Amino acid sequence: MPREDFIAVDHFSFFYGPKQALYGIDMRIPERQVTALIGPSGCGKSTLLRNMNRMNDLIDGVRHQGDIRLNGNSLYDPKVEVISLRKRVGMVFQKYNPFAKSIYENVVFSLRVAGRNRKKELDEVVERSLRSAALWDEVKDRLHDSAFGLSGGQQQRLCIARAIANQPEILLMDEPCAALDPTATLKIEALIRELKEQFTIVIVTHNMEQATRCSDRTAFLYMGRLIEYGPTLEVFENPKQEETEAYISGRFS
Amino acid sequence: MPAKPSNFASTGRSRRGEPFVWLTAAGLAIGVLLTVGLLGLVVTKGLESFWPGRIEVWKVDREGTLETVAGYVVQERSRRAMDGSAHEEIQIFRGNGELYGEKFLYVDQAQIQETQQPEDLALIERLEGGLVIGRIQSIQLHDGATVEGTSSDFRKQLTQRIREASDRRDQLEDIEKDRIGRNAKEVKELRLKEKLSGTSPEITARLEALQTEFAQLDEQRTEIRQELEADHLVVESIDGRPLSLPVGELLHVFRPNEVGFFGRIGEMLRRIGSFLISDPREANTEGGVYPAIFGTVVMTLVMSLFVTPFGVIAAIYLREYAKQGPLVRAVRISVNNLAGVPSIVFGVFGLAFFIYFVGGVVDDWFFPTSEEPVFKSGGILWASLTLALLTVPVVIVATEEALAAVPRGVREAALACGASKWQAIQRVVLPASLPGILTGVILAMARGAGEVAPLMLVGVVKSAPDLPIDGTAPFIHAERQFMHLGFHIYDLGFQSPDSEAAKPMVFATTLLLITIVVVMNLSAIIIRNRLRKKYATSSF
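Chains A and B, in that order, are what the protein sequence lines are. The numbering used here puts the first residue of the first sequence at 617, with every later residue one more than the last. The numbering used here puts the first residue of the second sequence at 23, with every later residue one more than the last.
Laid out in structure tokens, this is it:
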């Protein structure tokens, strides 16, 4: 039985130095569903996403209030090791960013850094991950070629394969199709719909149609506040808040 | 139909061009011209010094007496005499040092009566005394017999004898340097042992055996020397004076006036070859520069072995770990300024720190019994370390820039995969910045290979009898002094007793040093491009 509050954001505020980026966000993200975060640029949706694997720790002078819990465990518990947290939360970025390594080594990177080097295990992981990312048939004959030989869409799917190789519970996607052409975008969207069978997916997108096409729930953020959150169809067809309606009907962006 | 008037304003500027653009172009043009000019001079003069010109014979009227001179034209010049009259003079190289004293001669062109290029004149290279120009008459053998120059197989016999002499010289070197050297070393060690722990019958017996061996070697050596001096080549100079040259000292006989263009090319290649692979002779003004090439290349490679890890590690800490603030900024400025410190200062530091301090400690710990300093004197290890210190700012700056150029997304991706910061640097950031780091190493190598001033204090000498790597145990002699092409140029051009004779060598050595730097750089660039292909970052 999937949990309804798999990711629980509890009154979460976030500051970049003196500048407040998020204001008391409260949100429950259900297990094995796709949740889309939408909103105009600078509304804090990426900040929220990047807090779910504590990627924002890398920036100097940040602080937070409130808490985020994964499956009931606080992310900000002092006992949490960031590295083991990130093993449970995979991430795909806006611009595809494969490493300067072979396709094979890209996929097994998270296993290698965890010290898992058994060839049999790695081979299995490569095939499973690439199949999940719908890339296996395209690259199975050139696994040891450089990842940079792939097209943009293929590189992004490779990044997805890399993010799911270590079997995380959550997959965070920060505008995964922003740098891709429409065909590649459709492929990634189809992939997202498949992947939700196994993973809890949170996706940041600027593209309204994308949110309707592949998400189960949608959260609209505006100026650091959560304005509206609910099932996608409801949010888009029957927005309760004025700002939401203004945004999805294209009156501001 | 009249042309339609243009709708665009045609200002004076767009027709004449921007003056500042012209200025920048002129600046670049001057730079390019200077570089091309310098390289052109070095390449033409360097290659010219290998080119076998024709020997000419001049009949010169010197205040009534007719003198015959044979040789090459070195240069032409105009001279104004005391009475104000202008004279066009040529400078001639005529060799035969023992006959004329001076190997060079100025001749007033007005006094030249006649010029010829007789085919039978030969140019003879020998171990000592410089070039000989003259007509070969005969070979006088030790048993009193003579091989006349007119006999049909004379040239074959001469070549044969020169080759035999060369073999004998090799044997002699083997005996003198290798076997006698080993013998002497063992005697020294045994004597020391005797002094320290008292004598024993084994030591006495071994010493006696060594003494007998030495006597045998000495006898062999004397015998070979006698053989080398036994036969003589009789040559007559152009003005009819006889010269008797021991065949054992001859290196090469060439008749420049009887060969055609391709013969000359062949001779030129032979000269380049012997320049590259043979040892220097005659206070470096003749022979080759092999030890200097070897020293330069080995020193540069050892330097890069030290400077690369050191610079890269320092840059990683500075860029990735150190908290950016006033302190790190101060360190960065200091590193940049270190690149501007005069190189001789590094030489003084190397002498004081590496040689006197570190070398002194090493000698005290590991060679307490040695009478002469081992590491407490200039050597290739200390020279490489000094140059590594001199070039480390270059590597640090280049590495820092390369690290900073690695896209943020790649680092974040690595961290998002659960890598620790060090794992991300080691597995992702460093490989991606490798081409940039290599560029820094290339620059450091180029700088290091061309540096001379600091080396003079920390181990370069004008003549080093042994190479830093050779066949005697322990094969790598890091403490040995060495020769270096840059210092060789300085020494030949400005410290040589006969700077006129050394001039072609200076140009040839300069050309060679530039070539070596270019070759080392090119190979590093090729390696970098391979890596770049392998690790090409996508377009960010």
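Cβ atoms here follow ideal geometry from the backbone N, Cα and C, with glycine treated the same way. A quick note: this is a predicted structure, and the numbers were derived from the prediction, not measured.
query, result
"In chain A, which residues lie with their C-beta within 8 Å of the C-beta of L437/B?", "M671, L674, R702"
"Tell me the DSSP bridge mates of W80/B?", "V91/B, T137/B"
"Could you check if G152/B is buried or exposed, using at least 16 other CB atoms within 10 Å of its CB as the buried criterion?", "buried"
"Assuming T494/B is part of the alpha helix (DSSP H), what are its boundary residues?", "First-last for T494/B: undefined, no H or E at that position."
"How many angstroms separate the CA atom of N689/A from the CA atom of S657/A?", "30 Å"
"Between P348/B and chain A, is there a C-beta pair that is closer than 9 Å?", "no"
"Which of the residues in the region 674-700 of chain A, read from start to end, lie with their CB under 9 Å from any CB of chain D?", "No chain D appears in the structure shown, which is made up of the protein chains A and B."
"Quick one: is N551/B near chain A, going by C-beta distance under 9 Å?", "no"
"Taking 8 Å as the cut-off, is the CB of A352/B close to at least one heavy atom of the ligand ADP?", "Questions concerning the ligand ADP fall outside what the structure shown contains, since it holds no ligand whatsoever."
"What residue range does the beta strand (DSSP E) around Y845/A cover?", "841-847"
"In the structure shown, what three-state DSSP assignment does R116/B receive?", "coil"
"Please name the residue, chosen from G86/B, R354/B, E195/B, that lies closest to V414/B on a Cα-to-Cα basis.", "R354/B"
"Which chain B residues sit within Cβ distance under 7 Å of F815/A?", "Residues of chain B passing the Cβ test: none, with the nearest at roughly 14 Å."
"Along chain B, in chain order, which residues have C-beta atoms closer than 9 Å to that of N782/A?", "C439, G440"
"Is the beta carbon of L127/B closer than 9 Å to that of V91/B?", "yes"
"Tell me, to the nearest whole angstrom, how far the beta carbon of L811/A is from that of S748/A; I am working on the premise that it is less than 8 Å.", "7 Å"
"Which of the three DSSP states, helix, strand or coil, is assigned to H760/A?", "coil"
"Would the beta-carbon of R644/A fall within 9 Å of that of I623/A?", "yes"
"Taking contact to mean at least 3 C-beta pairs separated by less than 8 Å, is the region 275-294 of chain B in contact with the region 75-92 of chain B?", "yes"
"Listed from N- to C-terminal order along the chain, which residues in the region 759-783 of chain A have their beta-carbon within a distance smaller than 9 Å of any beta-carbon of chain B?", "S762, A763, F764, G768, Q771, C775, R778, A779, A781, N782"
"With a threshold of 8 Å, are at least 3 pairs of Cβ atoms found where one atom belongs to the region 686-701 of chain A and the other to the region 842-860 of chain A?", "no"
"Among the residues of its own chain, which have a CB less than 6 Å from the CB of R550/B, if the five just before and after it don't count?", "P457, L460"
"Counting C-beta neighbours from all protein chains within 10 Å, is the total for G381/B 16 or more, i.e. buried, or is it exposed?", "buried"
"Taking the C-alpha atoms as reference points, what is the distance between T244/B and G481/B?", "34 Å"
"Evaluate contact between the region 699-710 of chain A and the region 435-445 of chain B, counting only Cβ atoms and requiring at least three cross-stretch pairs below 8 Å.", "yes"
"So which residues of chain A does A454/B contact, with C-beta pairs closer than 8 Å?", "F715, A716"
"Tell me the rounded alpha-carbon separation between T421/B and M671/A.", "26 Å"
"How would you write the range of the beta strand (DSSP E) that H627/A sits in, first residue to last?", "623-632"
"I'd like the list of long-range same chain contacts for S561/B, defined as Cβ closer than 7 Å, with 5 residues on each side in sequence excluded.", "Model confidence at S561/B stands at a pLDDT of 36, short of 50, so the residue's coordinates are unreliable; what they give is reported in the following sentence. Cβ neighbours of S561/B beyond the five flanking positions: none."
"Residue range of the beta strand (DSSP E) that A103/B falls in?", "Here A103/B belongs to no beta strand (DSSP E), and DSSP marks it neither H nor E."
"What residue does the alpha helix (DSSP H) around D385/B start on, and which one ends it?", "382-388"
"My understanding is that V129/B touches I146/B, with C-beta atoms under 8 Å, so please give their C-beta distance in whole angstroms.", "Not quite, the Cβ-Cβ distance comes to about 23 Å (not below 8 Å), so this is no contact."
"Mind listing the chain A neighbours of G431/B? Cutoff is C-beta to C-beta under 9 Å, in chain order.", "F709, Q710, K711, Y712, N713"
"Is the Cβ of V334/B closer than 9 Å to any Cβ of chain A?", "no"
"Among F316/B, L291/B, M290/B, which residue has its Cα nearest to the Cα of P302/B?", "F316/B"
"Give the residues of chain B in contact with V729/A, contact being defined as C-beta atoms less than 9 Å apart.", "A436, C439, G440, A441, S442, Q445, A446, R449"
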